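Report on the following structure.
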Amino acid sequence: MTDLTASATPTPTPSTATADQQQQTADSGSSIPLSTFTSTSRPELALAAGATHSEDQEVVYKILYFKLHGMAATTRIMLALSGARWESIYPQDWTNEKTQTPFGLMPILYETHPSSPFSSLRLGQKQLTLEIPESEAIERYLARKFGFWGRNPWEETAIHVFYCSSKSVLSLYVNKVLLAFPDTKARELIKFVNKEVPAWIEQHEKWLGKSETPGFYVGNRLSIADIHSVVCLDRFLTIPECKDLFSPEKTPNLFRLKHNLETYPRYTAWITSPEFEAINVSTRQRLAVLKG
Ligand SMILES: N[C@@H](CCC(=O)N[C@@H](CS)C(=O)NCC(=O)O)C(=O)O
1 MTDLTASATP
11 TPTPSTATAD
21 QQQQTADSGS
31 SIPLSTFTST
41 SRPELALAAG
51 ATHSEDQEVV
61 YKILYFKLHG
71 MAATTRIMLA
81 LSGARWESIY
91 PQDWTNEKTQ
101 TPFGLMPILY
111 ETHPSSPFSS
121 LRLGQKQLTL
131 EIPESEAIER
141 YLARKFGFWG
151 RNPWEETAIH
161 VFYCSSKSVL
171 SLYVNKVLLA
181 FPDTKARELI
191 KFVNKEVPAW
201 IEQHEKWLGK
211 SETPGFYVGN
221 RLSIADIHSV
231 VCLDRFLTIP
241 ECKDLFSPEK
251 TPNLFRLKHN
261 LETYPRYTAW
271 ITSPEFEAIN
281 VSTRQRLAVL
291 KG
């Protein structure tokens, strides 16, 4: 996807480093951790990834992305809901930092395991940082880890269907509308508002209307489908041309989903935090530029 960034201030980062130097970088605060995706042994990575949230409370997560909601919104919400130690980190000099990331794109999740008793490998002695690129891989990884995924193949599939559907409609908005050439933007927006959003609403309302527990896509547990659809709904509510499509009367089930998520104190704490508000402000500024 095209760069949705605002510009950032330069800070040089070393281009080659030993594992220990990499770890120092991870600990130094301002710079992003250096890449371990292809440089660390597979058993170590698998072991770290397999640790459940409750097994290793000392794990620290960092999510690297621009100071925008964009492709990090759902990940940040899952991290906030999980109760894990986490922080958002932002590029300081993306042009240089980009070359040290797996695909030169964000978001990237860094999961640092400090010295940990459960491992017979290096984790026993040293900390290890797991690096995961690709937004969908990150989201699905965290959904599994934090229990926002299904408990059987049918639940997983239902969750996946609605999660993917919300991902598709959001990426249509970004790619077809926001990033359209100026002469086609207005036409693409009308098509999006008249066709794509109503189709999304119809299927999601229908499914949610038949939920065993109102306010959830599946069962009575929060899932990545619930979270991502609320991200989607919140985004649509900021598009003036979309606003009339939504209301508690017209789309009661999507609003129920949103209100249900708002009953989770950790979620509310995140969306009312100063950092969330700062991300709101820069997202609004960026969208204003892209809308033209
Ligand atoms: N397939 C990737 C796409 C990520 C992507 O396009 N990221 C953009 C920001 S939304 C980016 O990092 N742009 C910076 C650049 O291209 O240098 C994912 O889902 O994570």
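Just so you know, full-length UniProt numbering puts 203 at position 203 of the sequence shown, and the rest follows in order with no gaps.
A virtual CB, placed ideally from N, CA and C, is assigned to each residue, including glycine.
Quantities reported herein were computed from a predicted structural model and do not represent experimental measurements.
Asked	Found
Boundaries (first-last residue) of the alpha helix (DSSP H) holding Glu131	That residue, Glu131, is in no alpha helix (DSSP H); its beta strand (DSSP E) goes 128-133.
Beta-ladder partner(s) of Lys62, from DSSP	Glu87, Tyr110
Segment limits, alpha helix (DSSP H) that includes Glu205	197-209
Cβ pair count under 8 Å reaching 3, the stretch 61-79 against the stretch 268-288	yes
Touch test, the stretch 93-104 against the stretch 148-166, Cβ-Cβ under 8 Å, three pairs minimum	no
Beta carbon proximity, Ile77 to chain B, threshold 9 Å	The structure shown contains no chain B; it holds only a single protein chain.
Residue environment, Ser166, which counts as buried when at least 16 other CB atoms sit within 10 Å	buried
Start-to-end residues for the alpha helix (DSSP H) that takes in His160	153-172
Ala225 versus Phe181: straight-line alpha-carbon distance, rounded	31 Å
Extent of the continuous alpha helix (DSSP H) to which Val230 belongs	224-237
Pair within 9 Å by beta-carbon distance, residue 296 and Val231	With the chain running from 1 to 292 in the structure shown, residue 296 is simply not present.
Enclosing alpha helix (DSSP H) for Met78 [first to last residue]	73-82
Nearest candidate by alpha-carbon position, reference Pro114, set Ile132, Pro133, Glu139, Tyr61	Tyr61
Distance between Tyr110 and Pro33 (C-alpha atoms, nearest Å)	7 Å
Heavy atom of ligand 1 within 8 Å of Lys62 beta-carbon	no
Ser135 Cβ short of 8 Å to ligand 1 heavy atom set	yes
Limits of the unbroken alpha helix (DSSP H) element including Asp183	182-191
Straight-line gap, Leu254 to Lys243 (C-alpha atoms, nearest Å)	13 Å
Proximity of Val177 and Trp200 at Cβ, strictly below 9 Å	no
Residue nearest to Trp86 in terms of C-alpha spacing, selected from Val59, Glu241, Ala73	Val59
First through last residue of the alpha helix (DSSP H) which encompasses Val281	274-291
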